[in-house]
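Residue numbers (the working numbering): 133 to 571.
Structure first, then comments.
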Amino acid sequence: MKKVVKFGGSSLADANQFKKVHDIIKSDKDRMYVVPSAPGKRFGGDTKVTDMLYACYDIAAAGEDFTEQLAAIKKRYEEIADTLGLKVDLDGEFKTIAEHLSGTPYVDYMASRGEYLNGKLLSAYLGYEFIDPAEIIKFNENGDFDQKATDAVLPERLSAVKNAVIPGFYGSKADGSIKTFSRGGSDITGSIIARGVHADLYENWTDVDGFLVTDPRVVENPAIIRTLTYREMRELSYMGATVLHEDAVFPLRKEGIPVNVRNTNDPSAPGTMIVESTCTKPDYVITGIGGKKGFASITIEKDMMNSEIGFGRKVLQVFEDNGLSFEHTPSGIDTFTVYVNQNDFAPKEQSVIAGLHRLTNPDLIELESDLALIAVVGRGMKRQRGTAGRIFSALAHARVNVKMIDQGSSELNIIIGVENADFEKAIQAIYDIFVTAAV
Ligand code: ASP
């Protein structure tokens, strides 16, 4: 087996975390390629090294004295190196960074140093080769990830090494300049490497036991999803649940490589497996519940709307003209409703109403604000009669008024619109009926 293992910032925040990571890697010889993030928060209120680097860059770019800020960053690495007795030339590394900052600094280079230096420490600690991703992860001139250029170098370079540490988050353009992914992008590096070496498994180590059935800020101590498909994950992350960077999914899906989300602080927990498809039955009828607050709805009423060809197109045209994307469009015989993000909609409200009057000649336009959308997601719902019935009776018992229902035609999700004020209550009620009541 060939495994690529990525460790997030909290997993490598200090020397103690480094020890856990070391033991995890050494306990399984299949864990061949290691992708570290920059040191994250050590405690609540602490600052991630990446944020410190961005702040340091801002100071330098403004032409101000950055020495104090850079020294604080250096201290984070020194603490790890000193405690673990690692021989890495941090003085030399930081001299190079200071020289860069005194010249013509650029932000991607500075941000990337968080992963770069953590990779240096980890490779010394593990005794594995250090491979700079600038060598093997390639970006095009526009700053987009370049799969072809990467394919031309990455597989060959790694085929020659059994074990290596490859920092996450960045690569380089053809001119040699450093380019980072968006924030949280070490996940993407890990997935690109997993694809490049045809890994059997991509382990993504973080500080949670896996993907949770729902938001722990809404439901206390929610259950963990043991197996999740990529499509389910997409539905849940769209609705706010994030454990893995969205862009990390594509390379893995293409190769059919499963991801195992694991907890560095509890390596005995099996975590969540994310797979293309599976025969494994979910533990509960539903896999997860996601949700977002802050929507507005615009309902257009017009007699005989159903027979007016092009009506829907005209409505959506108005939203397009105003640069607004829509979330859902539930419709009735003579009504058509559009759900949009409330903050985006507010400044354009009057222009949208005017546009709708002009283009669609409605009988009535009704606006509602402070709405929330809840997505109940699950591959198991397809085979189960009465799922929708159970959801709505649970909501009725909890005295939640349902404003909208939309079942995706894939039967993978049911989207429910409620008032913002009912959001938490509704999620708790759905969770209880499917999960609490099932155990
Ligand atoms: N260190 C980077 C960030 O904070 C990338 C990562 O951790 O994945 O966004």
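Ideal Cβ positions, reconstructed from N, Cα and C, are used throughout, including at glycine.
How far does the beta strand (DSSP E) with residue i in it extend, from its first residue to its last?
i           : result
residue 425 : 420 to 433
residue 232 : Not the beta strand (DSSP E): residue 232 falls in the alpha helix (DSSP H), residues 222 to 234.
residue 549 : 545 to 551
residue 360 : 359 to 361
residue 344 : From DSSP, residue 344 is part of no beta strand (DSSP E); its letter is neither H nor E.
residue 406 : 404 to 407
residue 311 : 310 to 312
How should residue i be labelled, buried or exposed, when 16 other C-beta atoms within 10 angstroms of its C-beta is the threshold for buried?
i           : result
residue 445 : exposed
residue 374 : exposed
residue 565 : buried
residue 168 : buried
residue 180 : buried
residue 495 : exposed
residue 258 : buried
residue 175 : exposed
residue 482 : exposed
residue 308 : exposed
residue 247 : buried
residue 377 : buried
residue 367 : buried
residue 133 : exposed
residue 559 : buried
residue 516 : exposed
residue 120 : Examination of residue 120 is not possible in this model, given that the chain is present from 133 through 571 alone.
residue 519 : buried
residue 569 : exposed
Check this for me: beta carbons of residue i and residue j, under 8 Å apart or not?
i           : j           : result
residue 251 : residue 298 : yes
residue 546 : residue 536 : no
residue 262 : residue 311 : no
residue 454 : residue 480 : yes
residue 239 : residue 189 : yes
residue 237 : residue 208 : no
residue 321 : residue 343 : no
residue 290 : residue 329 : yes
residue 327 : residue 387 : yes
residue 428 : residue 474 : yes
residue 563 : residue 345 : yes
residue 253 : residue 220 : yes
residue 267 : residue 285 : yes
residue 269 : residue 245 : no
residue 358 : residue 398 : no
residue 222 : residue 210 : yes
residue 552 : residue 503 : yes
residue 472 : residue 459 : yes
residue 432 : residue 356 : no
residue 419 : residue 567 : no
residue 426 : residue 371 : no
residue 513 : residue 543 : yes
residue 470 : residue 441 : no
Classify residue i as helix, strand or coil using the three-state DSSP reduction.
i           : result
residue 516 : coil
residue 484 : helix
residue 529 : helix
residue 73  : In this structure the chain extends from 133 to 571, so residue 73 is not present and cannot be described.
residue 247 : helix
residue 163 : strand
residue 443 : helix
residue 397 : coil
residue 562 : helix
residue 473 : strand
residue 298 : coil
residue 371 : coil
residue 333 : strand
residue 261 : strand
residue 136 : strand
residue 271 : strand
residue 112 : The shown model of the chain, from 133 to 571, leaves out residue 112, and the question about it has no answer.
residue 143 : helix
residue 175 : coil
Considering residue i, what are the terminal residues of the alpha helix (DSSP H) in which it resides?
i           : result
residue 498 : From DSSP, residue 498 is part of no alpha helix (DSSP H) but of the beta strand (DSSP E) over 496 to 509.
residue 538 : Element bounds for residue 538: not the alpha helix (DSSP H) but the beta strand (DSSP E), 536 to 539.
residue 184 : 181 to 193
residue 154 : 147 to 158
residue 382 : 381 to 387
residue 211 : 199 to 216
residue 352 : Note, residue 352: premise wrong, no alpha helix (DSSP H); not H, not E.
Using 8 Å as the limit for Cβ to Cβ distance, is residue i near chain B?
i           : result
residue 363 : Here there is only one protein chain, and chain B is not present.
Is residue i a contact residue of ligand 2, with contact defined as CB to any heavy atom under 7 Å?
i           : result
residue 363 : The ligand content of the structure shown is limited to ligand 1, which means ligand 2 is not among them.
Within the chosen definition, does the stretch 338 to 345 reach the stretch 137 to 155 through at least 3 CB pairs nearer than 8 Å?
yes
So does the stretch 352 to 369 actually touch the stretch 431 to 439, counting three or more Cβ pairs closer than 8 Å?
no
Touch test, the stretch 383 to 397 against the stretch 470 to 488, Cβ-Cβ under 8 Å, three pairs minimum
Result no; under three Cβ-Cβ pairs closer than 8 Å.
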